[in-house]
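Asker:
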Amino acid sequence: MTKGYKMPKGFLWGGAVAAHQLEGGWDVDGKGVSIADVMTAGRNGVPRKVTDGVKEGEVYPNHWGNDFYHRYPEDDKLFAEMGFKCFRTSIAWTRIFPNGDETTPNEAGLKFYDDLFDDLLSHGIQPVVTLSHFEIPYHLVKAYGGFSNRKMIDFFVRFATVVFDRYKDKVKYWMTFNEINNQTAWSDPHPLLQNSGLQLGADDNWEQAMYQAAHYELVASALAVQAGHAINPDFQIGCMVAMCPIYPLTAKPADVMMAERAMQKRYWFGDVHCLGEYPKWLPKYFERKGFDMDITAADLATLKAGTVDYVGFSYYMSFVTKGRDGDQEYDFKEPDDFVENPYVEKSDWGWQIDPTGLRYAMNWMQDRWHLPQFIVENGFGAYDKKEADGSVHDDYRISYFRDHILAMEEAVALDGVDLIGYTPWGCIDLVSASTGEMAKRYGFIYVDADDNGHGSFDRSKKDSFDWFQQVIASDGEDL
Ligand code: P53
1 MTKGYKMPKG FLWGGAVAAH QLEGGWDVDG KGVSIADVMT AGRNGVPRKV
51 TDGVKEGEVY PNHWGNDFYH RYPEDDKLFA EMGFKCFRTS IAWTRIFPNG
101 DETTPNEAGL KFYDDLFDDL LSHGIQPVVT LSHFEIPYHL VKAYGGFSNR
151 KMIDFFVRFA TVVFDRYKDK VKYWMTFNEI NNQTAWSDPH PLLQNSGLQL
201 GADDNWEQAM YQAAHYELVA SALAVQAGHA INPDFQIGCM VAMCPIYPLT
251 AKPADVMMAE RAMQKRYWFG DVHCLGEYPK WLPKYFERKG FDMDITAADL
301 ATLKAGTVDY VGFSYYMSFV TKGRDGDQEY DFKEPDDFVE NPYVEKSDWG
351 WQIDPTGLRY AMNWMQDRWH LPQFIVENGF GAYDKKEADG SVHDDYRISY
401 FRDHILAMEE AVALDGVDLI GYTPWGCIDL VSASTGEMAK RYGFIYVDAD
451 DNGHGSFDRS KKDSFDWFQQ VIASDGEDL
């Protein structure tokens with residue numbers, strides 16, 4: 001056993017999921033169609049397709065997820081047995097506002113989350129809630145062009161206000177937009193759809209569209225922060241960034257400068273969320289690129305007045321880049337400018353495994369944003385093998401967690417990072433966001449279902465279940 005550092009009293013150990021990846025029940029109790037409902041199943045290396053509405057004969061894994069919608073009481077019991085103090089999920093926007101532009105919410109959707117949160121609380125588990133986790137109502141994509149349209153700010157703030165008000169006594173920790181910076185890779189259509197509801201054509205300027213959508217999201221987030229604090233001053237409302245630190249390949253100055261630019265391009269979203277203003281390089285960049293941005297003086301005042309309370313972030317991997325000789329602009333472009341890291345191992349999906357990167361990133365964020373942090377995703381997607389006796393020996397997952405939790409504890413105990421909690425991703429097996437697979441499993445709890453939704457959907461414990469239980473019981477000391 002590895003000896004770790006005890007985390008402070010009240011530290012929020014738990015697990016994380018998103019509504020669309022596990023609930024299923026995609027069309028029950030008045031729920032509308034979300035963008036996740038029109039994404040088909042992909043595979044390792046094969047991207048998901050997006051269909052124009054739900055089509056006969058296509059496979060849509062988010063339609064069934066792991067059936068949490070009907071089975072959550074059983075799952076909550078297992079979370080409690082593991083010792084969870086919190087559980088991060090999202091509220092599916094389309095359960096509350098099926099089309100997104102209604103003025104009256106859907107009571108059946110609101111009631112589902114009341115029941116879920118009550119059940120969690122009865123086990124001593126506090127819900128931690130993401131407002132927009134890749135689940136924009138599809139109608140808002142079709143009728144308004146998603147976050148290319150300023151009207152989306154009002155729709156989002158209305159949704160946020162309704163759920164803040166409804167759950168004000170049940171939920172304290174909130175996050176506005178999941179992995180808002182995932183769309184840095186703007187040339188890939190998936191993040192643009194998942195984050196912002198953008199569907200662009202060949203003639204559109206994708207990069208400008210990404211910056212514009214992100215701006216409207218940041219304004220919407222800042223307004224939601226203010227609305228939430230007015231409803232309950234005890235609310236802690238955070239941002240959520242996908243933290244993948246980007247290193248220079250060598251000490252060559254051009255490599256170092258490119259890595260700096262790469263970090264700026266991936267984390268300016270956090271600068272706006274946390275510091276309430278755009279970093280200086282970005283208006284210069286817009287100017288140089290000739291981007292005509294709709295950013296008003298009123299927007300800038302809103303951003304300043306709606307800074308977040310904490311930094312929620314996911315951490316799975318790090319990246320590496322290198323400079324181009326003679327390139328004065330260092331216009332880093334993701335993913336084209338990524339190169340492989342020769343010093344680390346990779347998962348079966350090519351994600352580079354780097355526990356030290358977590359400690360590095362926590363230090364970097366502490367020094368830059370000066371806010372408490374919350375690790376709301378971390379984990380290892382892998383092919384699991386269920387043995388004849390039902391057991392799953394996922395020692396590779398335990399080893400990933402051991403190394404990352406130790407790095408996290410060092411950041412807290414040795415470097416003084418202020419950390420609220422740690423919620424491993426996909427604590428129960430669910431549908432992968434990037435590939436739509438069930439086979440890319442993250443859970444401590446195994447779900448008997450395959451990529452096509454066949455199986456009993458029965459739950460069972462993997463070896464990592466007992467291991468994580470012991471980590472929590474020892475406040476992080478027994479790794
Ligand atoms: P999957 C890319 C890079 C890092 C995190 O991812 C990412 C993504 C987008 O897929 O997403 C987050 O399921 C996201 C979750 C997602 C999880 O990481 O592709 O917030 O919704 O499931 C893991 O293996």
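Using our numbering, the letters of the sequence shown map in sequence onto residues 1 to 479.
A virtual CB, placed ideally from N, CA and C, is assigned to each residue, including glycine.
1. If we ignore side chains and look at the alpha-carbon of each, how far apart do I237 and L249 end up?
2. Apply the 10 Å Cβ neighbour rule to S456 and answer buried if 16 or more other Cβ atoms are within range, or exposed otherwise.
3. I'd like the list of long-range same chain contacts for K333, defined as Cβ closer than 8 Å, with 5 residues on each side in sequence excluded.
4. Helix or strand or just coil, what does DSSP make of Y69?
5. Roughly how many angstroms separate the alpha carbons of V54 and G65, rounded to a whole number?
6. Do you know offhand how far F159's Cα is from G100's?
7. Cα separation between A473 and G83?
8. Would V129 and Q199 be called neighbours here (beta carbons separated by less than 8 Å)?
9. DSSP three-state call for P117: helix, strand or coil?
10. With a CB to CB cut of under 8 Å and the five nearest residues on each side skipped, what residues in its chain are close to A80?
11. Going by the DSSP bridge assignment, what does Y144 pair with across the sheet?
12. Is any non-hydrogen atom of the ligand P53 found closer than 7 Å to the C-beta of W64, if you look at the structure I gave you?
13. What are the partner residues of T321, as DSSP defines its beta bridges?
14. Could you pull out every residue in the same chain whose Cβ sits closer than 7 Å to the Cβ of A413, ignoring the five residues on either side in sequence?
15. Spatial neighbours of R261 within its chain, please: C-beta separation below 6 Å, excluding the five flanking residues on both sides.
16. Would DSSP call A185 helix, strand or coil?
17. Mind pulling the beta strand (DSSP E) runs of 3 or more residues that sit fully within the region 425-471?
18. Cα separation between L419 and L406?
19. Between A143, K322, G197, P127, which has its C-alpha nearest V376's C-alpha?
20. Under DSSP, the beta strand (DSSP E) around V171 begins and ends at which residues?
21. Does DSSP put R88 in a helix, in a strand, or in coil?
22. Got a sec? Which residues, its chain only, sit under 7 Å from D255 by beta carbon, not counting five neighbours each side?
23. Indicate whether the contact test is met: 3 or more Cβ pairs, each with one atom in the region 21-28 and one in the region 56-71, closer than 8 Å.
24. Within 10 angstroms of the Cβ of R459, are there 16 or more other Cβ atoms? Answer buried if so, exposed if not.
25. Comparing the CB of Y316 with every heavy atom of the ligand P53, is any distance shorter than 7 Å?
26. So, using beta-carbon positions, are P245 and S314 closer together than 8 Å?
27. Is it right to say P253 is buried, meaning 16 or more other beta carbons lie within 10 angstroms of its own, or is it exposed?
28. Taking Cβ positions, are V417 and Q352 nearer each other than 8 Å?
29. Given that a residue counts as buried once 16 or more other Cβ atoms are within 10 Å of its Cβ, and exposed if not, what is T51?
30. When you measure from the CB of Q21 to every non-hydrogen atom of the ligand P53, does any distance come out below 7 Å?
31. Would you identify the three-state DSSP class for S391, choosing helix, strand or coil?
32. Which runs of the alpha helix (DSSP H) at least 4 residues long sit entirely within the region 3-62? Give them in chain order.
33. Helix, strand or coil: how does DSSP classify Y422 here?
34. If I follow the unbroken beta strand (DSSP E) through V128, where does it start and stop?
35. Quick one: is the Cβ of K440 within less than 7 Å of any heavy atom of the ligand FMN?
36. Given a cut-off of 8 Å on the beta-carbon distance, is the pair H139 and S90 in contact?
Answerer: Let me lay it out:
1. 36 Å
2. exposed
3. S187
4. helix
5. 16 Å
6. 8 Å
7. 7 Å
8. no
9. This sequence places Phe at residue 117; Pro is not what is there. Correct three-state label for F117: helix.
10. H123, G124, I125
11. DSSP lists no partner for Y144.
12. no
13. P248, F338
14. Y5
15. Y330, F332
16. coil
17. 445-447, 459-461
18. 14 Å
19. P127
20. Taken as a continuous stretch (DSSP letters only), V171 belongs to no beta strand (DSSP E), as it is neither H nor E.
21. strand
22. P248, L249, K322, G323
23. yes
24. buried
25. yes
26. no
27. exposed
28. no
29. exposed
30. yes
31. coil
32. 19-22
33. strand
34. 126-132
35. Inclusion of the ligand FMN in the displayed structure is not the case, the ligand content consisting of the ligand P53 alone.
36. no
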